[in-house]
Amino acid sequence: MNDLKKNVRYVKNVGPKRAEKLNKLNIHSVEDLIFFFPRSYEDRTTIKSIKEYENNETLNCVVTIKTVPTISNLRNNLKLLKVIATDGDSDISLIWFNQTYLKNQIKVGEKYFCRGKIAKNKYEIQIQNPEISPYTNASSFINILPVYPLTDGLSNKEMINIIKNCLEEYLIYVDDILPDELRNHYNLMNKRSAIKALHFPNNMAELEKARKTLAYEELLVLQLTMSNIKIKDKTDKGINFIRHDKLNLFIESLPFELTKSQKDVVNEILDDMACEKQMNRLVQGDVGSGKTVISAIAMFNAVLNGYQATMMAPTEILALQHYETLTSLFSKIEIKIALLTSSTNKTEKEEILKNLALGEIDILIGTHSIIQENVLFKKLGLVVTDEQHRFGVNQRMKLAAKGNSPDILVMTATPIPRSLALILYGDLDISTIKELPPGRQKIETFVMSTDKEDEVFNFIIKQIENGHQVYIVCPLIESNNSDNLNSAESVYHKLNGKFGEKYICGLIHGKLSQKEKEKVMGDFKNGMIKILVSTTVIEVGVNVANANTMVIYNADRFGLSQLHQLRGRVGRSSHKSYCILLNDNFSKIARERMRVLQSTNDGFEISEKDLYLRGPGEFFGTKQHGIPQLKIANLFRDINILKVAQDDAKYILSENKLIFDSKYTLLKNKVDELIYNMDNEIILN
Ligand code: ADP
Ligand code: MG
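Numbering (our numbering), first residue to last: 255 to 939.
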C-alpha cells in the first residue's frame, strides 16, 4: 500500500485514541496529516532583554535560573511554584500555579527559553504560567512556532509532536510532481523542503518561499484540471443561429419593455449565437434584474432555428417556477416545453424522454436530473444553467456534452471575483445587467432582536391586512437541542397558533416531497397562503410579486450574499417592501454585517463586503463554486501566482507535454486524480 494513504493512527505517537481526534479535523491518512498546515505562526525570532519589554507585553527571552524552585501553599489547594531567573541584566520571577511537577524539571544554572506575558509590580517583574523549554542550542530551537487548528483534547504541543514524527517517517514518500525545469525557472524549493518549512520554518523568508512553492504547484494543478475538463467538451466551432424575425415580435409582445441593460445583454447573446464560434457566456445580474426573460429569448431563438434548448436550475422549486414562467411567456406560441426533476413520476418521465429523443419537446427545464445519462436530445443547440454558482463545473460540462457543441449560457446573481472567474471559466465572456426594472423600490431593511418578535408579528399582520404576503425564513427545519436556533417547524406552529384561524400559514422545506412543495408554492402564489414559513429552499430565484415582507430568524447564521439573495424574494414589484433581520448576536462583526445589509441593496457591493468581513478563506471555504478546496493558495493574495500558473498550464497543454513528456507524468497523475474526485463529488441540491 502507498505509505501516504496509510491510516493516520500508525504515525508514531498517534494510536487509535488520538486518531479519532484527528479525524475530527478531517485528518484520516498520513497524507492528510502531512498537508495539515498551521493556521498561523508565532514569531519568536525577536528575543529581547527583559528590560526592553513593557508591562503586559508578551516576552520572548533566554534566561538562566538563579534560585532553587520553591513551592508554597496558597488558599484552596492552590500551590505556587516560583523561581528567580535572569537574562544577565535584569531578574524576573517565574510563577506557576498548580504545576508543581515542573519543580524537578527546572535546574539552577541552566538556560531556558521563556515566553509569557509580563506583569510588573512594585517589587518585581513577573511572568505567570510562562512557557519554558530548555535552551540547549539555538538551532534545535523552534524560533517560529506553528499554531495548528485544534480540537478538544488535542493541544498544539501534541500536534507539533505528532507532525514532527510524521514528517520524519513519511516525508520521503512525498514526490516532487513539478518537473525540474519549472522549479528551477521560478526558483522554487523542492516539495519536501517546502512542506517541512511550512510546518517548521527557520525564518519568515523561508516560510514565504515555501508557501509560494506549494501555492504555485496547487494552482498549476487546479488550472490544468479545469482546462482538461473544459477541453473534453469544447471545440471552437459552434452552431450558426441566425437572429430570427419572429424574435422581435416575441420581444415586443412581452408584458414589459426590456431595460436598456437587458437589451444590451440580449444583443450580446444573439451576436454570440450567430457567430461561428461556440458561445460560452456568463450573464451576471443582481437578484430581480430580469435574467429569466433573457434566457427565454435565447432559448426561443434556438428553437426558431430548429434546435432544442435546455435549462438547468439548482432546486425543484426554481425549476418548476421557470417552467411556469416560460409556459406563460410562450402561451401564444406553438412551442413544447417540459419539466423534468427527480420527482417527476415514472410514466411521465418515460414520455418526456421519448419525446425529447424524437425532437417533439423544444425546451426542457429541470434540475440536475437532466444531466442523467438516459436523457437524450435529438438536436440540442443551447444549454442554459441558472444560478450557476450552485453547480459544479462538471455538471455544466456534462449538460453541454448532450449536444454537439451547443452554445452555453450561464446565469448568476452572485458576482464572481475576477480571479475565480478566470479559473472557472477561462475564456468565458461576461455580460452584466447593470440596472433593475423600473419602479423597483429599495427594500427597507430593519435589524431587531428576537425579544421584539411580537412587534414584528404586528407588523406582518398589518402588511397582510393591506393585501400582501409574507415570507418567514429560519435556519433549520426542525429544532435540535444542541443549537439555540429557531426552526421552521416551531416558528410555523407559533404563527399558526396565533394567526392561523384568520390567515393561512404554510410551511416549506427540503424534506417535503416535490408534490408537497408544489402544492405549498402554488397556494402561496395564488395568494391563499398569507404567511410562508421556510428554510433557505426559497433562496434562489423564487418570484412571487405580491409578497412584500420577509422576516429572517437568526440572521447572523447566514452569509451576507445569501441574505441578499433571500431578501431578493421581496421587492419584486413596485410595492414598498420590507426585510426584518432578527439578530441576537451582538458581536462587532455580526453587527457590522447587519449594517451592511441595511445600508445597501447592491449585490455587488454586498459581495465585496462579505469577502472583506469573512475573509477569503471562508468565502471560498464552501464548495459553492464546485472547485476543489485549496489548501495553501489564496485566490486573492496569490493572484499573481495564479496568472503565472495559468500561462504555464496553457503552454503545457498546447505542447501536449502532459501526455507525451515523461517529466510531466507525475503532474498528469495528480490532475487525473483530481478530475476523478470531482466526478465523484456528491451533487448538492
Ligand atoms: P432574476 O434576475 O433574479 O432571475 P427574474 O428573471 O425572476 O429575476 O425577474 C424578476 C421579475 O422582474 C419578474 O417578475 C419579471 O417578470 C420581472 N421583469 C423582468 N424584466 C422586466 C422589465 N424589463 N420590466 C419589468 N419587469 C421585469
Ligand atoms: Mg432568476
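Backbone N, C-alpha and C fix where the C-beta goes; we use that ideal spot for every residue, glycine too.
Computed from a predicted structure; not experimentally measured.
| Asked | Found |
| --- | --- |
| Span of the alpha helix (DSSP H), counted from its first residue to its last, around Gln819 | Leu814 to Arg821 |
| Cβ of Ile426 within 7 angstroms of any chain D Cβ | Given the protein chain composition of this structure (a single chain), no chain D is represented. |
| Of the listed residues Gln538, Ile731, Val557 and Arg694, nearest to Gly857 (C-alpha basis) | Gln538 |
| Beta-carbon proximity list for Asp257, same chain, < 7 angstroms, skipping 5 on both sides | Val284, Tyr424 and Tyr427 |
| Phe713 to Val745 span [Cα, whole Å] | 16 angstroms |
| Proximal residues to Glu846 (C-beta, below 7 angstroms), its chain only, five neighbours per side dropped | Leu867 |
| Contacting residues, own chain, Cβ-Cβ under 8 angstroms from Lys603 (five flanking each side not counted) | Leu594 |
| Sub-7 angstroms separation of Tyr295 and Pro400 beta-carbons | yes |
| For Val710, three-class secondary structure by DSSP | helix |
| Endpoints, alpha helix (DSSP H) assigned at Asp526 | Lys514 to Ala528 |
| Buried versus exposed, by CB contacts within 10 Å (16 or more), Thr390 | exposed |
| 8 angstroms CB neighbourhood of Leu730 in its chain, flanking five on each side removed | Asp737, Leu739, Asn740, Ser741, Ala742 and Thr789 |
| Beta bridge counterpart(s) of Lys325 as assigned by DSSP | It should be pointed out that residue 325 corresponds to Ile in this sequence rather than to Lys. In the DSSP output, where bridge partners are listed per residue, Ile325 has Leu335. |
| Status (buried if at least 16 other CB within 10 Å, exposed otherwise) for Leu690 | buried |
| Alpha-carbon to alpha-carbon, Pro692 and Ala899 | 44 angstroms |
| Limits of the unbroken beta strand (DSSP E) element including Tyr725 | Gln723 to Val727 |
| Nearest to Gln353 (by Cα), restricted to the options Ile372, Cys368, Pro384 and Tyr807 | Pro384 |
| Own chain partners of Val316 with C-beta closer than 8 angstroms, once the 5 adjacent residues on each side are dropped | Ile301, Asp341, Lys365, Tyr366, Phe367, Cys368 and Tyr389 |
| Closest Cα partner of Thr598 within the set Gly760, Leu461, Gln717 and Lys769 | Lys769 |
| Residues near Gln723 by beta carbon distance below 6 angstroms, same chain, minus five either side | Lys784, Asn800 and Ala801 |
| Pairwise C-alpha distance: Val798 and Lys779 | 6 angstroms |
| Status (buried if at least 16 other CB within 10 Å, exposed otherwise) for Ser549 | buried |
| Own chain, CB closer than 8 angstroms to Ala273, minus 5 neighbours either side, in chain order | Asn261, Val262 and Arg263 |
| Backbone secondary structure at Lys779 - three-state DSSP | helix |
| Spatially closest choice to Ser507 from Leu583, Leu276, Asn720 and Glu707, by CA coordinates | Leu583 |
| Proximity of Asp661 and Met553 at Cβ, strictly below 7 angstroms | no |
| Alpha carbon of Leu814 to alpha carbon of Thr321, nearest angstrom | 58 angstroms |
| Distance, Lys924 Cα to Glu872 Cα | With a pLDDT of 47 at Glu872, under the threshold of 50, the predicted position of this residue should be treated as unreliable, though the coordinate-derived value follows. If I take the Cα positions, the gap works out to 25 angstroms. |
| Exposure of Lys632, with buried meaning 16 or more beta-carbon neighbours within 10 Å | exposed |
| Contacting residues, own chain, Cβ-Cβ under 6 angstroms from Asp683 (five flanking each side not counted) | Arg535 |
| Simplified DSSP assignment, three categories, for Asn415 | helix |
| Lys696 Cβ short of 6 angstroms to the ligand ADP heavy atom set | no |
| Inter-residue spacing [alpha-carbon to alpha-carbon] between Glu755 and Ser409 | 57 angstroms |
| Bridge-paired residues (DSSP) for Val637 | Thr564 and Ile662 |
| Ala339 versus Asp297, Ile386 and Asn309, residue with shortest Cα-Cα distance | Ile386 |
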